[in-house]
Amino acid sequence: MAEINHFEYGWITPTLSYALSVLGSFLGLICAGRIRTARSTGQRVWWGLLAAWAIGGTAIWAMHFMAMLGFAVAGTRIRYDVPITAASTLIAVLAVGIGLAIVGTGRLTAFRLVAGGLFTGTGVLAMHYTGMAAMRLDGTLSYDRIRVGLSVLIAVVAATVALWLSMTVRRGLAIVASALVMGIAVNGMHFTGMSALSVHLHERRGELGGTEVSGLLVPIILAVIFGVVGLVYALLAAPTDEDRAGAAYLDARWDAAATPEPAPDPVGLRGRSTLGQPGTPFPSRRVDPGR
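Under our numbering, think of the first position of the sequence shown as 206, with each following residue one higher.
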């Protein structure tokens, strides 16, 4: 059995992975909050996609890969299969997106929350172990079932709590606190699953396929940077409730200014309706002789 080191570069990689998970959770919670206030189906879909990318792509998958930079096995190099690595990204984003769709359509109930948490937690686990399956090394991977089961429990509970927070948290300080908690949960699930891993080296060493981690690092960092910048820009460009209220106030003032005011009526002639209608005979004081 080979010696495994999860922190080859010390606390740099776990610190960065936690920062990524907190950042992605923070942006995802803000985007999920916009789902509740969206006024059309298209807006809800748009904010749901952004929230899925923020949580699934940044808080979960990017955190996973950053933590894997510190993963090393004595006696063998580690390479990564690019298509499987990309598939793990898609799994994470889709799992979070479907989970948000389950809890975000209609009234939030316990059944919807549990169903969304189960689906999202299962998707997060699928992402994690798909990412592990993308590794290419001179050895065979095996997992401790008890610790794998513990990682399953953590993933489902963390996903359920994350979905509940995304639908209920609104204030800025509460969003920050929720993002910190979600970062702990995501990292806890990851390192619990990694602790279940053991590697048995092969007696014969062969040529490893895939790409070195350095070849994936630059594109992934660029994807994270552009993704975060795009999310921040979308949040800043979207009108807030105050913006909508101000626009409605200006529209009301404009309509009031466009409506002509009635001419002044100092002697009260407008109140006499008979004088205001064309063709109305002028009233006379003469007495009818027939009376």
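Virtual Cβ for every residue (Gly too), placed ideally from N, Cα, C.
Please list, in chain order, all residues of the same chain as residue i whose beta carbon is under 6 Å from its beta carbon, the five residues on each side excluded.
i    : result
G398 : H333 and S356
R410 : D343
Y214 : G275
V353 : A401
G415 : R284, Y285, D286 and R341
N210 : A277
P288 : none
Give me whichever residues DSSP pairs with residue i in a beta bridge.
i    : result
V278 : I209
S222 : DSSP output for S222 lists no bridge partner at all.
L346 : V404
R341 : R284
E417 : R284
Identify which residue in the options has its Cα closest to the Cα of residue i.
i    : options                   : result
E417 : T246, A277 and T294       : A277
L299 : L436, S245, H395 and T327 : T327
T220 : E412, P288, A306 and A267 : A267
I235 : R249, S245, G393 and S222 : R249
R282 : V437, S419 and A439       : S419
E412 : R341, L346 and L427       : R341
T365 : D349, A462 and V391       : V391
M206 : I430, V434, E408 and I425 : E408
T218 : T242, A461, F396 and H405 : F396
A279 : A315, V404, G247 and T294 : V404
A237 : L421, T310, A292 and G336 : T310
S293 : G247, G336 and S222       : G336
T242 : A264, V329, V374 and I265 : V374
F270 : L421, I430 and A462       : L421
What does the alpha-carbon distance come out to for the pair residue i and residue j?
i    : j    : result
S230 : A384 : 5 Å
A379 : G388 : 14 Å
V362 : V423 : 33 Å
A272 : L313 : 34 Å
G304 : L368 : 7 Å
L427 : T290 : 16 Å
A338 : L232 : 29 Å
A297 : A331 : 8 Å
L346 : V434 : 37 Å
L402 : R244 : 47 Å
M372 : L406 : 46 Å
E208 : L370 : 39 Å
F212 : R350 : 23 Å
I307 : R317 : 6 Å
F324 : L441 : 31 Å
W459 : I265 : 48 Å
V329 : L295 : 11 Å
Beta-carbon within less than 7 Å of residue i's beta-carbon, same chain only, minus the 5 sequence neighbours each way: which residues are those?
i    : result
R239 : W252 and A443
V227 : A384, L385 and G388
Y348 : A401 and L402
A257 : V298, V301, G302 and L305
V222 : Note that residue 222 is Ser in the sequence shown here, rather than Val. For S222, where only same-chain residues beyond five positions count, the Cβ hits under 7 Å are M268, M271, A272 and N392.
Only counting the same chain, and skipping five residues up and downstream in sequence, which positions put a Cβ closer than 8 Å to that of residue i?
i    : result
R376 : none
G393 : I359 and A363
V381 : F231
V319 : T365
Assuming the contact rule is C-beta atoms closer than 8 Å, residue i and residue j should be a hit. Round their C-beta distance to whole Å, please.
i    : j    : result
G432 : G322 : No, G432 and G322 are not in contact; Cβ-Cβ is about 24 Å, not under 8 Å.
A439 : L255 : 6 Å
L436 : A224 : Actually they are not in contact, since the Cβ atoms of L436 and A224 sit about 16 Å apart, beyond 8 Å.
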